[in-house]
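**Student:** Let me begin by handing over the structure; questions about it come next.
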Amino acid sequence: MKNNQELQTDVENAIRWEPLLQAAEIGVIAKEGIVSLSGNVNSYSKKVEAENAAKKVIGVKENSKDLAIDYRQMAIEDIDFEPKEFDVVISSLAFHYLKDLKTIFGKINQTFKKGGSFVFSMEHPVFTSRAEQDWFIDEDGNRLHWPIDNYHDESKRKAQFLGHEVTKYHRTLQTIINTAIRSNFDIQEISEPKPSEEILKKYTEMKDEMRRPIFIIISAIKK
Numbered sequence: 048m049k050n051n052q053e054l055q056t057d058v059e060n061a062i063r064w065e066p067l068l069q070a071a072e073i074g075v076i077a078k079e080g081i082v083s084l085s086g087n088v089n090s091y092s093k094k095v096e097a098e099n100a101a102k103k104v105i106g107v108k109e110n111s112k113d114l115a116i117d118y119r120q121m122a123i124e125d126i127d128f129e130p131k132e133f134d135v136v137i138s139s140l141a142f143h144y145l146k147d148l149k150t151i152f153g154k155i156n157q158t159f160k161k162g163g164s165f166v167f168s169m170e171h172p173v174f175t176s177r178a179e180q181d182w183f184i185d186e187d188g189n190r191l192h193w194p195i196d197n198y199h200d201e202s203k204r205k206a207q208f209l210g211h212e213v214t215k216y217h218r219t220l221q222t223i224i225n226t227a228i229r230s231n232f233d234i235q236e237i238s239e240p241k242p243s244e245e246i247l248k249k250y251t252e253m254k255d256e257m258r259r260p261i262f263i264i265i266s267a268i269k270k
């Protein structure tokens, strides 16, 4: 049976061999088969990786999960991570609020290891072309059609969101796709989400969501 020091050393070595992890970030204490991990990592995937590495070591009876994730609250424009630090970056409905998409995509690309996955969603250009972002209706309030105007005018739009005026930046579909390509990403898939048949049956008012896209989701990898 391993003593505490031997078990601690084995867990430290196991963590050291994991490609996602920096052993210096993670403290290890072993006592009677119970291993405590401490410190801060910058992603949930690293936390899981460290905990799984400890579990695999022979002699570990229990893993005390004291390892914390380092959450950072900042403007996207201010991100400044180490090169090749991440395997995955996910952004949800944020980029249409940013003026300079090219710089942001370039920064994100620098944080990736080769083959890293970049998945992001944003409001669809069909949705952002007009600041009003609403249907044309008749005198009885029936939705006639979704208008698109000033599509090639890639500039800011003052829109209403949850009762507040917000600034959004409209871009054409070709600009979004080409900016990703020119930022050294290979696009793998593009999705324009729509309600499922199940949702349409359950919520009949969703039928108009089939008439135009609201969002676009793009999956890409670093070249």
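Start counting the sequence shown at 48; every next residue gets the next number (this note's numbering). We put the beta carbon where it would ideally sit given N, CA and C, even for glycine. Bear in mind that the values here come from a model prediction, so they are computed numbers and not experimental data.
1. According to DSSP, residue 55 sits in a beta bridge with which residue or residues?
2. What does a CB cutoff of less than 7 Å around residue 139 pick up in its chain, not counting 5 residues either side in sequence?
3. Do you know whose CA, among 193, 180 and 226, lies nearest residue 209's CA?
4. CA-CA distance, residue 89 and residue 79?
5. Buried or exposed: which applies to residue 94, given that a residue is buried once 16 or more other Cβ atoms fall within 10 Å of its Cβ?
6. On the CB-based measure, 16 or more other CB atoms within 10 Å of its CB, does residue 240 come out buried or exposed?
7. Contact between the stretch 124-134 and the stretch 145-158 is defined here as three or more beta-carbon pairs at a separation below 8 Å; is this criterion met?
8. Would you call the stretch 193-210 in contact with the stretch 234-251, where contact means no fewer than 3 C-beta pairs closer than 8 Å?
9. Using a Cβ-Cβ cut-off of 7 Å (strictly less than) and excluding sequence neighbours within five positions of residue 267, which residues of its own chain qualify?
10. Over the uninterrupted beta strand (DSSP E) stretch that includes residue 159, give me the two end residues.
11. If you compare alpha carbons, which of 97, 192 and 122 is closest to residue 273?
12. Please work out which residues of its chain come closer than 7 Å, Cβ to Cβ, to residue 222, disregarding the five sequence neighbours upstream and downstream, and give them in chain order.
13. Hey, how far is the Cα of residue 261 from the Cα of residue 154?
14. Please give the ranges of any alpha helix (DSSP H) in the stretch 64-151, keeping only runs that are unbroken, at least 4 residues long and fully inside the region.
15. Assuming residue 145 and residue 124 form a contact by the criterion Cβ under 8 Å, report the distance between their Cβ atoms to the nearest whole angstrom.
16. Near residue 55, what residues of its chain come up, given a Cβ to Cβ distance below 7 Å and the 5 sequence neighbours on each side ignored?
17. Just list the alpha helix (DSSP H) runs in the stretch 174-237, keeping only unbroken ones of 4 residues or longer that don't cross its boundaries, in chain order.
18. Which word fits residue 152, buried or exposed, when buried means at least 16 other C-beta atoms lie within 10 angstroms of its C-beta?
19. In whole angstroms, what is the alpha-carbon distance linking residue 107 and residue 135?
20. DSSP beta-bridge partners for residue 267?
21. Here's a check: name, in chain order, each residue in its chain whose Cβ is nearer than 8 Å to the Cβ of residue 250, leaving out the five neighbours to either side.
**Tutor:** So, to answer that:
1. The partner list for residue 55 (beta bridge, DSSP) is empty, contrary to what the question assumes.
2. Result list for residue 139: 168, in chain order.
3. Minimum Cα distance to residue 209 is reached at 180.
4. One C-alpha to the other measures close to 29 Å.
5. Classification for residue 94: buried.
6. Exposed is the call here.
7. In short, these stretches touch, since the Cβ pair count reaches three.
8. These segments do not touch.
9. 165, 227, 232, 233, 234 and 235.
10. Segment 159-170, the beta strand (DSSP E) holding residue 159.
11. A query on residue 273 cannot be resolved here, the shown segment of the chain reaching from 48 to 270 and no further.
12. Take residue 222, set aside five residues on each side of it, and the residues of its chain with a beta-carbon closer than 7 Å to its own are 201, in chain order.
13. Straight-line Cα distance between these residues: approximately 27 Å.
14. Here the runs fully enclosed are 91-102.
15. Confirmed, Cβ separation roughly 7 Å.
16. The residues are 75, 76 and 77.
17. Annotation: the stretch 174-237 contains the following complete segments of the alpha helix (DSSP H) (minimum length 4 residues), in chain order: 220-229.
18. Using a 10 angstroms sphere on the CB of residue 152, the tally of other CB atoms reaches 16 or more, which defines it as buried.
19. Between residue 107 and residue 135, the C-alpha separation is close to 30 Å.
20. 165 and 234.
21. 242.
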